[in-house]
Structures are given as structure tokens and as C-alpha cells.
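Student: Here you go, one structure.
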Amino acid sequence: MGRIEQVIHALLAVIGNETIAQESRHSLAVALRAYLAQLPPHIVELKNQGQLPPDAVWACLDAFLATNSS
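Now the structure itself:
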């Protein structure tokens, strides 16, 4: 699980970096969504059931998904 959290954290950090061009940030947001779509189903189930630690990575991911739904 640690590697998954590292990837999510890294992508969210870059997406949130306002010094990077908006087009690049948008492309990374698309990449993040593609990455999330490839997660093993059991991880998604654990996340949806609230069984993963409520640390900063998952909270930031929830905030990102809530504000960038499409």
C-alpha cells in the first residue's frame, strides 16, 4: 500500500503546484484518474468502506476528487 500512497501523493503535489502550466496539471489529473482506475478492487473497497487510515494522502485525494469531479 505504501507505494500506491506515494504515487498518489506525488501526483497530487504536482497537480496542486500552481507554478506548473494548467495544461500540464490537467494532464496529470487525467493520469491520476487513470492510475486510480487501475487500483486493485480490494483497495478501492477498503477505501470506500473507510478501512484505510485517514491520513493526509487519502484526505487530499478525497478533496481532489470532490473538487475535480467530471
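In case it helps, the UniProt record's numbering puts the sequence shown at residues 1 to 70.
By construction, the Cβ of each residue, glycine as well, lies at the ideal position given by its N, Cα and C atoms.
Does the stretch 57–67 come close enough to the stretch 4–18 to have 3 or more Cβ pairs within less than 8 Å?
Tutor: Yes: at least three Cβ pairs fall under 8 Å.
Student: For I43, count neighbouring Cβ atoms within 10 angstroms of its own Cβ and tell me buried if that reaches 16, exposed if not.
Tutor: When all chains shown are included, I43 counts as exposed.
Student: Assuming I15 and L32 form a contact by the criterion Cβ under 8 Å, report the distance between their Cβ atoms to the nearest whole angstrom.
Tutor: Indeed, because the Cβ distance is near 7 Å, the residues count as touching under 8 Å.
Student: Compute the Euclidean distance between the alpha carbons of A23 and A66, then round it to the nearest angstrom.
Tutor: Note on residue identity: the sequence assigns Glu, not Ala, to residue 23. If you take the alpha carbons of E23 and A66, they lie about 20 Å apart.
Student: What does the alpha-carbon distance come out to for the pair V30 and L12?
Tutor: Whole-angstrom Cα-Cα distance: 11 Å.
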